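In full-length UniProt numbering, the protein residues as written are 1 to 128.
#1: Expressed to the nearest angstrom, what Euclidean distance is found between the alpha-carbon atoms of residue 42 and residue 73?
#2: When the Cα atoms are used, what is the spatial distance from residue 5 to residue 39?
#3: Using 10 angstroms around the beta-carbon of residue 64, count the other beta-carbons present and answer buried if the total reaches 16, otherwise exposed.
#4: Which word fits residue 129, buried or exposed, when buried means at least 16 other C-beta atoms lie within 10 angstroms of its C-beta?
#5: Of the residues 92, 18, 82 and 79, which one's Cα is nearest the Cα of residue 58?
#6: Hey, residue 119 and residue 107: beta-carbon distance below 7 Å or not?
#7: Quick one: is residue 16 buried, meaning 16 or more other Cβ sit within 10 Å of its Cβ, or exposed?
#8: Would you mind working out which of 2, 113 and 8 sits nearest residue 66, comparing C-alpha positions?
#9: Closer than 8 Å by C-beta to residue 93: which residues in its own chain qualify, once you throw out the five before and the five after it? Chain order, please.
#10: Could you have a look at residue 101 and say whether DSSP puts it in helix, strand or coil?
Written out as structure tokens, the structure reads:
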């Protein structure tokens, strides 16, 4: 498989006060925050629009499970179905089933230290 990860899709972390901390980053660091956090827009090598999401989650979120870590990374990938099959063959723990939305497909894996990694085959145009 030629390309696996093509970029950082997002960084998500747990916090005591998701809204308050999000607003702090908006006020003091100038992040243009919204209900979901902050979306950073950029262009890939071919000049296509791409995005990376930064988001806060409440400490009691179940979204990072089975990981108990305080953060979860999201990586952009080109072919999620093929990549998950290859990773499974390589002995990587795949978590759950692929989920599809208007903005892309999502799958999850665990690294050797129990960090949950979200893999995203994006449809960036859906955000426009």
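Ideal Cβ placement from N, Cα and C applies to all residues, glycine included. As the structure is a prediction and not an experimental result, all values here were calculated from the model.
Inspection of the coordinates gives the following:
#1: By one-based count along the chain shown, residue 42 stands at place 42. By one-based count along the chain shown, residue 73 stands at place 73. One C-alpha to the other measures close to 18 Å.
#2: The residue you call residue 5 lines up with position 5 of the chain shown. The residue you call residue 39 lines up with position 39 of the chain shown. Pairing residue 5 with residue 39, the inter-Cα distance amounts to about 19 Å.
#3: Position 64 of the chain shown holds residue 64. Residue environment for residue 64: buried (at least 16 other C-beta atoms within 10 angstroms of its C-beta).
#4: The first residue shown for the chain is 1 and the last is 128, placing residue 129 beyond what the model contains.
#5: On the chain shown, position 58 is the one that residue 58 refers to. With distances taken between Cα atoms, residue 58 lies closest to 18.
#6: To locate residue 119, count along the chain shown from 1; it is residue 119. To locate residue 107, count along the chain shown from 1; it is residue 107. In this structure, residue 107 lies closer than 7 Å to residue 119 by Cβ.
#7: Within the chain shown, numbered from 1, the residue matching residue 16 stands at position 16. Exposed: under 16 other Cβ atoms inside 10 Å.
#8: Translated into positions along the chain shown, residue 66 becomes position 66. Ranking the options by Cα distance to residue 66, first place goes to 113.
#9: Numbered from 1 along the chain shown, position 93 holds the residue referred to as residue 93. 109 and 110, listed in sequence order.
#10: The residue labelled residue 101 in the question sits at position 101 within the chain shown. Residue 101: strand per DSSP, three-state reduction.
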